[in-house]
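Residue numbers 8 to 200, in the working numbering, belong to the letters of the sequence shown in order.
Shown next, in structure tokens, is the structure this report addresses.
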Amino acid sequence: MKRIVLALIVLFLITSCGKNEKNLHPDLMKPNWDGIKTEKLKFKIGDVVSIFIDKQYYSGIIMDFDEDKGGIWYGISLSDYRWIVPNKKKIKELNFFGRQIPSGFGGDCINCCDLVYLNQKDVDKNIIVVNNIKIDINKISIGSIQPLGKLKEIETTYFQGMKARKRKSAECGEATLEPNRINDRYFKIEDVL
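What follows is the structure in structure tokens.
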């Protein structure tokens with residue numbers, strides 16, 4: 008009896024992790040705003056924000072909210088934009104920080120957004136909304152969560168993210184169990200619309 012149950016479990020795992028799920032976004036990796044009163048927040052999902060730090064502008068999109076004892080946290084996907092003037096590029100031209108995570112045994116991967124989280128206390132006049140785009144939250148999978156203690160830490164995160172994405176990323180299914188696998192990559196906003 009134990010062998011039959013074990014065989015059924017193994018069979019279930021193999022068939023549930025196959026190539027039949029091309030657009031995989033597990034609930035565990037999706038934003039969850041249960042209990043957060045989003046209508047009273049300063050920012051909304053899909054807000055394109057311009058962040059001004061030390062005479063430089065950075066661009067990002069609000070993709071998540073979280074709440075803990077410290078208050079509300081805004082999850083921002085940073086783009087590769089950094090310049091001395093606010094972003095003049097079209098949002099579709101920007102590259103946003105993300106990663107690709109292997110899923111299952113069939114060589115599939117989940118495309119995820121890397122987010123930095125700023126506490127509402129650190130959100131000030133240096134962050135302005137320049138646009139809002141309609142994001143399909145069912146297409147968002149969060150791959151990296153990085154809470155920041157201060158607004159200025161966005162600079163460090165930006166440079167680390169740019170450096171990581173200069174390395175050649177592994178292709179989906181390539182060296183899945185390799186400890187030095189590079190999953191960092193960019194995504195286009197169309198991936199979450």
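C-beta: ideal position from N, C-alpha, C; glycine also.
In this text the structure is predicted, and so the values were computed from the model without any measurement.
My guess is that residue i and residue j are in contact by the Cβ rule of under 8 Å, so how many angstroms apart are they, rounded?
i	j	result
I4	F103	In the structure as shown, the chain begins at 8 and stops at 200. Residue 4 is therefore absent and cannot be evaluated.
I149	L122	6 Å
Y65	L125	Actually they are not in contact, since the Cβ atoms of Y65 and L125 sit about 12 Å apart, beyond 8 Å.
G108	E74	The residue asked about is misnamed: residue 108 is Ile in this sequence, not Gly. About 25 Å separates the two Cβ atoms, so there is no contact after all.
D191	R106	5 Å
Quick check on DSSP: helix, strand or coil for residue i?
i	result
V199	helix
N133	coil
F194	strand
E28	Because E28 sits at a pLDDT of 43, beneath the cut-off of 50, its placement in the model cannot be relied upon, and the point is left open.
I117	strand
I91	coil
I58	strand
I83	strand
V17	Because V17 carries a pLDDT of 45, less than 50, the predicted location of this residue cannot be relied on, and no value is offered for it.
Is residue j closer than 9 Å to residue i when the C-beta atoms are compared?
i	j	result
K168	L85	Note on residue identity: the sequence assigns Gly, not Lys, to residue 168. It is a contact, given that the beta carbons lie within the stated cut-off.
I140	G53	yes
I79	L48	yes
R89	Y165	yes
I147	V199	yes
M70	I142	yes
F72	V136	no
R174	D87	no
I91	Q63	yes
N145	V55	no
I'd like the span of the beta strand (DSSP E) that includes residue i, first residue to last.
i	result
Q107	103-110
E74	63-75
Q153	149-155
I'd like the span of the alpha helix (DSSP H) that includes residue i, first residue to last.
i	result
I161	160-171
Relative to the ligand PLP, is the shortest distance from any of its heavy atoms to the C-beta of residue i smaller than 8 Å?
i	result
N139	The model depicted lacks the ligand PLP and carries no ligand whatsoever.
Answer yes if the region 48-66 comes into contact with the region 125-134, meaning at least three C-beta pairs across the two stretches below 8 Å, and no otherwise. yes
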